[in-house]
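Undergrad: Have a look at this one before I ask anything.
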Amino acid sequence: MIDLVFVYNSLWSNSKSTLIFAGEYYYKIKGSLIMRTLFFILFFVLGFCHIQARGQKPAHVIITAGQSNTDGRVPNNRLPDYIKAMAVDSTYTAGAYKYCHIAHNRTDGMFVPFWPLSHPKSKPYTWGYDAIAYYWLEQLFQEDFYVIKWAIGGTAIAAPVTTPFRGTYWSADPKWLAENTATSEKGKSLLLSLIANIDASIDQTLSKLKQGYQIDAFVWHQGESDYEHGKEYYQNLKGVVSYVRNHLTEKTGKDYSELPFIFGTVSRKNKRYNSDVEEGMRRYAKEDKNAYLIDMSEAELMGDKLHFNQVSAEYMGKQVYEQIKKTLSDDPHVYVAKYKGDRVCAISYTFDDGLAEHSTVAAPELEKRGFRGTFWVCGYYTEQGASAKVPRMTWDELREMSKKGHEVSSHSWAHKNAKRLTIEQVKSEIEKNDSAIYVNIGIVPRTYCYPYNYKTEEIVSMASKGRVATRTKQISIGGKSTPERFDKWLKDLMKAEDWGVGMTHGINYGYDAFKSPSLFWKHLDKVKSMEDQIWVGTFCEVASYIKEREEIQLKVSNKKNGMTITPKLKLDRKLFAEPLTMVIQGETMNGILVKQGRKELPVYINGNKVMFDFNPYGGTIKIHFN
């Protein structure tokens, strides 16, 4: 047996021809049919196992920590349908993810299948943004992965300097840590509890995995409870991240000094929002090349004005997933641009209520600059046309605008206030208007705008079905607009790399009409001058692009003198049909030929980036470098 194992081990360091020769040589020595048979059986069994072991990649590990928005406060009955489908009961309190295993607020090193479950015993069946991230990571990995999580609501980083004190803290201050113990040991330190969880998870489970493991990211959301210590937040956060990275390096012997740190800002609508905390986060993200900040400044909250609602939690979870996916890409220099043309930010100009001057004034002004807008109309008023109290566009005018590339979409049938309607009445208003638009224009609206901007979680859930998106955020452009406000809006969008949605009603007349429409035209001129940085698209175009970008998967294979990129997107292609922009970043490249199927794709170069627009459903992209 020793000889046989020796032969087997030696084979893998030689060529295929040597492998065959060694087998023949062994047969000649032994001569026995039985021995020959046993040899080849064992040879192939061991060889197959060896190939499997060599082919396995280390298991993915995510570290997640923070306070209540990380722990989760959205009730499980508001989980997205794609997660509800994995529940085994009608209240969505029991179920299991297929591949995700979690050690949540425990120090025994044991993992259990993940299901959204928060820490408070009074309301355990709630979820946070991370439930969304883990779901999409499952779709990406398609194999077991592990999450080490420690999250407690109402917790700050900054710890009191005097004793005795109440509460628990994330502080990484060396002196404070030396004087305190982990909360898991009935102490005050949350950071030491997280470390205890990490160490036990490594010792009891991860270190015993045959394929090994790799920690991919440190995910974090916290900051609300530091509103009284905003000035110190930058240093305090930096201390926590450094402590975790340094400990992982010491514990594992691997270099985790550049472990990706993915975190989100606090919503400015939060009753404990502090601008210094946000500024500290932005400063840290700017200084640390491996820190990735998700802008949640405009996030919608639940009624308590503290916690993300399901829309915001789902958004942040997808952003976390997107960032992890990008850091794990087969080739990190190949990615889908955040916005079309790799622009910094995006703007959609939307016009409410279908006023007649939207077709005679607003649309032509947009077209002069090469822009297209979104026009939300109510069929009841459209059918009155010029005879309405406030003149409205006709179906003929809307049909012509649609042909020119403007988006004509639904604002309900009669602009009724949903506060006074049942959910069935709201549904009827939407369906009736969709039908009217289809009959008169020939298109099915793919987006929706809420009358009076009034919406509940139930209404949003109902209105969103079968659509690309609904308008849930906007900035008013009209009677209160000034050059200074316009400039600040653009500056904020550029800084946050965000999507701005403008909401306009009247131009010369009607609700919130401009004091001087020329202010708007001058603003559009400025945006036109910045079109290399700002993408102006319809609401549907931008919303579709963002959704597709978030969910697309890329398989990159490097070839001699080129590469292939295979996109995979599981969305309804009748709804989500926006081309995406691929970016290949590297040294200056010329003479590149890009084909998707039989179609040659136009290539444009910006510095060290090669870009091209592609069909996310169009199959493998072949790239040849001359």
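Numbered per full-length UniProt numbering, the sequence shown spans residues 1 to 626.
A virtual CB, placed ideally from N, CA and C, is assigned to each residue, including glycine.
None of the values given here were measured: they were computed from a predicted structure.
1) For the putative contact between ASN76 and THR93, defined by C-beta atoms under 8 Å, what is the C-beta separation to the nearest angstrom?
2) Can you tell me whether VAL408 is buried or exposed? The criterion is at least 16 other CB atoms within 10 Å of its CB, across all chains shown.
3) In the DSSP output, which residue or residues are listed as bridge partners for ASP352?
4) Output the boundary residues of the beta strand (DSSP E) element that contains PHE582.
5) How close, in whole Å, do the beta carbons of THR350 and ARG446 come, if the pair is a contact with beta carbons under 8 Å?
6) Give the secondary structure of LYS609 by DSSP, where H, G and I count as helix, E and B as strand, and everything else as coil.
7) Count the other CB atoms within 10 Å of the CB of ALA131; is the residue buried (16 or more) or exposed (fewer)?
8) Alpha carbon to alpha carbon, what distance is there between GLN323 and residue 628?
9) Return the chain-ordered list of same chain residues with a C-beta closer than 7 Å to the C-beta of residue 629, the five sequence neighbours on each side being excluded.
10) List the DSSP bridge partners of VAL334.
11) Would you call the CB atoms of SER297 and GLU278 closer than 8 Å?
12) Indicate the three-state DSSP secondary structure (helix, strand or coil) for PRO75 in the structure shown.
13) So for HIS505, helix, strand or coil by DSSP?
14) Can you tell me whether DSSP reads PRO174 as helix, strand or coil?
15) Where does residue 629 fall in DSSP's three states?
16) Could you check whether the segment 572-586 touches the segment 288-307, counting it as contact only if at least three pairs of C-beta atoms, one from each stretch, sit closer than 8 Å?
17) Does the segment 256-272 touch the segment 237-247, meaning 3 or more C-beta pairs lie closer than 8 Å?
18) With 16 other CB atoms within 10 Å as the buried threshold, where does GLU541 fall?
19) Which partner residues of GLU407 appear in the DSSP bridge assignment?
20) Sorted by chain position, which residues of the same chain lie with C-beta nearer than 6 Å to PHE612's C-beta, five sequence neighbours on each side aside?
21) For ALA182, which residues of its own chain have a beta-carbon under 7 Å away from its beta-carbon, when the five flanking residues on both sides are left out?
22) So for TRP115, helix, strand or coil by DSSP?
23) Indicate whether the contact test is met: 3 or more Cβ pairs, each with one atom in the segment 408-418 and one in the segment 440-460, closer than 8 Å.
24) Would you mind listing the alpha helix (DSSP H) stretches within the segment 417-442 that are 4+ residues and don't spill past its ends, in chain order?
25) Given this structure, state the Cα-to-Cα distance separating GLY187 from ARG166, to the nearest angstrom.
26) Can at least three beta-carbon pairs, one atom from the segment 392-407 and one from the segment 363-376, be found at a separation below 8 Å?
27) Have a look at ASN309, THR265, GLU383, ASP216 and flag the residue whose alpha-carbon is nearest the alpha-carbon of LEU328.
28) What three-state label does DSSP hand THR566 in the structure shown?
29) Nearest to ILE294 by CA position, among TYR315, ILE347, GLY385, PRO120, is which residue?
30) Can you give the Cα-Cα distance for LEU306 and SER557, rounded to whole angstroms?
31) CB-CB under 6 Å to PRO616, same chain, minus the five flanking residues each way: which ones, in chain order?
32) Whose C-beta lies closer than 6 Å to the C-beta of GLY264 among residues of the same chain, with five residues either side of it excluded?
33) Could you pull the start and end residues of the beta strand (DSSP E) that ASN558 belongs to?
34) Within a Cβ cutoff of 6 Å, which residues of the same chain sit near GLY95, ignoring the five residues on either side of it in sequence?
35) Quick one: residues in its chain with C-beta nearer than 8 Å to the C-beta of GLN142, no 5 flanking neighbours on either side, listed in chain order?
36) Taking the DSSP output, what are the residues bridged to SER476?
TA: Taking the structure as given:
1) Taking the first residue of the sequence shown as 1, we reach residue 76 at position 76. Taking the first residue of the sequence shown as 1, we reach residue 93 at position 93. Correct: roughly 6 Å between the Cβ atoms.
2) Locating residue 408 in the sequence shown gives position 408, counting from the first residue. So VAL408 ends up on the buried side.
3) Taking the sequence shown and counting its residues from 1, the one referred to as residue 352 is at position 352. According to DSSP, ASP352 bridges with TRP376.
4) By one-based count along the sequence shown, residue 582 stands at place 582. Sequence check: residue 582 is Met here, not Phe. Judged by DSSP secondary structure, MET582 falls within the beta strand (DSSP E) whose first and last residues are 580-585.
5) Reading the sequence shown from its first residue, position 350 is the one you call residue 350. Reading the sequence shown from its first residue, position 446 is the one you call residue 446. About 14 Å separates the beta carbons of THR350 and ARG446, which is beyond the 8 Å limit, so they are not a contact pair.
6) Residue numbering aside, residue 609 sits at position 609 when the sequence shown is read from its first letter. The answer is strand: DSSP assigns LYS609 an E or B state.
7) The residue labelled residue 131 in the question sits at position 131 within the sequence shown. Buried, by the Cβ-count rule.
8) Examination of residue 628 is not possible in this model, given that the chain is present from 1 through 626 alone.
9) Here the chain covers residues 1 to 626 and nothing more, so residue 629 does not appear.
10) To locate residue 334, count along the sequence shown from 1; it is residue 334. ILE584.
11) The count along the sequence shown starts at 1 and reaches residue 297 at position 297. The count along the sequence shown starts at 1 and reaches residue 278 at position 278. Yes. Within cutoff.
12) Counted from its first residue, the sequence shown places residue 75 at position 75. Assignment of PRO75 by DSSP, reduced to helix, strand and coil, places it in the strand class.
13) What you label residue 505 is simply residue 505 of the sequence shown in a count that begins at 1. Correct three-state label for HIS505: coil.
14) In the sequence shown, counting from the first residue as 1, residue 174 sits at position 174. Here PRO174 sits in helix by DSSP.
15) Past the edges of the chain, shown from 1 to 626, lies residue 629, and the structure says nothing about it.
16) Put simply, the segment 572-586 does not touch the segment 288-307. Fewer than three CB pairs are less than 8 Å apart.
17) Enough Cβ pairs lie closer than 8 Å, so yes.
18) Counted from its first residue, the sequence shown places residue 541 at position 541. Within 10 angstroms of the beta-carbon of GLU541 lie 16 or more other beta-carbons, which makes it buried.
19) For the purposes of this step, residue 407 is taken as the residue at position 407 of the sequence shown. THR374.
20) Position 612 of the sequence shown, counting from 1, holds the residue named residue 612. Exclusion of the five residues before and after PHE612 leaves MET582, VAL594, LEU601, VAL603 as the residues of its chain whose Cβ lies within less than 6 Å of its Cβ.
21) Translated into the one-based positions of the sequence shown, residue 182 becomes position 182. Closer than 7 Å at the Cβ level, and outside the excluded window around ALA182, lie SER189, LEU192, SER193, ALA196.
22) Locating residue 115 in the sequence shown gives position 115, where the first residue counts as 1. Three-state DSSP puts TRP115 in coil, outside helix and strand.
23) Judged by Cβ distances under 8 Å, the segment 408-418 makes contact with the segment 440-460, as three or more pairs qualify.
24) As for any alpha helix (DSSP H) of minimum length 4 sitting wholly inside the segment 417-442, the runs are 423-441, ordered along the chain.
25) Reading the sequence shown from its first residue, position 187 is the one you call residue 187. Reading the sequence shown from its first residue, position 166 is the one you call residue 166. Approximately 11 Å, taken between the alpha carbons.
26) The segment 392-407, when compared against the segment 363-376, does touch it at the 8 Å Cβ threshold.
27) Along the sequence shown, read from residue 1 onward, the residue named residue 328 stands at position 328. It is ASP216.
28) Numbered from its first residue, the sequence shown carries residue 566 at position 566. If DSSP states are grouped into helix, strand and coil, THR566 belongs with the strands.
29) Position 294 of the sequence shown, counted from the first residue, corresponds to residue 294. Measuring from the Cα of ILE294, the nearest candidate turns out to be TYR315.
30) Here the question's residue 306 lines up with position 306 in the sequence shown. Here the question's residue 557 lines up with position 557 in the sequence shown. Going from the Cα of LEU306 to the Cα of SER557 covers about 45 Å.
31) Here residue 616 refers to the residue found at position 616 of the sequence shown. GLU548, ILE552, PRO567, LEU569, LEU580.
32) One-based indexing of the sequence shown puts residue 264 at position 264. HIS221, ILE294, MET296, MET316.
33) Translated into the one-based positions of the sequence shown, residue 558 becomes position 558. Counting along the chain, the beta strand (DSSP E) containing ASN558 begins and ends at 553-559.
34) Here residue 95 is taken as the residue at index 95 of the sequence shown, counted from 1. By the criterion of a C-beta distance shorter than 6 Å, GLY95 is surrounded in its chain by MET86, ALA87, VAL88, TRP115, once the five residues flanking it on both sides are discounted.
35) Counted from its first residue, the sequence shown places residue 142 at position 142. The beta carbon of GLN142 is closer than 8 Å to those of TYR99 in its chain, skipping five residues each way along the sequence.
36) Along the sequence shown, read from residue 1 onward, the residue named residue 476 stands at position 476. Bridge partners of SER476: MET503.
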